[in-house]
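Scroll down for the structure; my scribbles are underneath it.
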Amino acid sequence: MFSEQIQVAAGRDLTAGNRVAVYRNLHRSAWSIRSMEGPHKGKVVGYAQAVALTGCLMHVNPRAQLKIANGGARQVHAWIIGRLADVVDLNQPQRITYQPHHRAEFFVVSTGRAIWTAPAVVFTDAAYIDGPA
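Have a look at this one:
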């Protein structure tokens, strides 16, 4: 489902199960998908309005975050790594966000709880994890 909505970059390939990093592309108003393995490792392989990952790890480059928090130019320095998934059902979606001017980690919007890992993340208008059952 989600993989059908991905605009794959020319000459690149992307399938469910690939290990990727996803971050918000502020210039395209879309989610950028960067390969974390294979021949296109480190390169953007696609863009999407909606994408899902499983086995997720949140990454923030602390040095770049500090620069941005102190007024430096924005740059890509935070993303979520996981395996590309076709379908992920969230029973109780909770929005997560990252705000480099305020905090150095991803966090759950409703509770303020810092988050570094998640079984799954769904990216649509924002990023969502499954809340407590």
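Letter 32 of the sequence shown, counting from 1, is numbered 28 in my numbering, and no numbers are missing. All C-beta atoms, glycine included, are put in the ideal place defined by N, C-alpha and C.
The secondary-structure analysis by DSSP pairs residue 50 across a beta bridge with 79, 116. The distance from the Cβ of residue 4 to that of residue 42 is about 5 Å, consistent with a contact at the 8 Å cut-off. Look at residue 88 here: in three-state DSSP terms it is coil, with no helix or strand label. Burial is judged here by how many other beta carbons sit within 10 angstroms of a residue's own beta carbon; residue 83 has fewer than 16 and is exposed.
The C-beta of residue 31 has 16 or more other C-beta atoms within 10 Å across all chains shown, which makes the residue buried. Between residue 47 and residue 86, the C-beta spacing is not below 8 Å. If you look at residue 17, you'll find it isn't in any alpha helix (DSSP H); it sits in the beta strand (DSSP E) that goes 15 to 21.
Only residues of its own chain outside the window of five on either side were considered, and among them 73 have a CB closer than 6 Å to the CB of residue 57, listed in chain order. CA-to-CA, the gap between residue 115 and residue 100 works out to about 21 Å. Leaving aside the five residues that flank residue 1 on each side, the residues in its chain whose CB is nearer than 8 Å to its CB run, in chain order, 44, 45, 46, 47.
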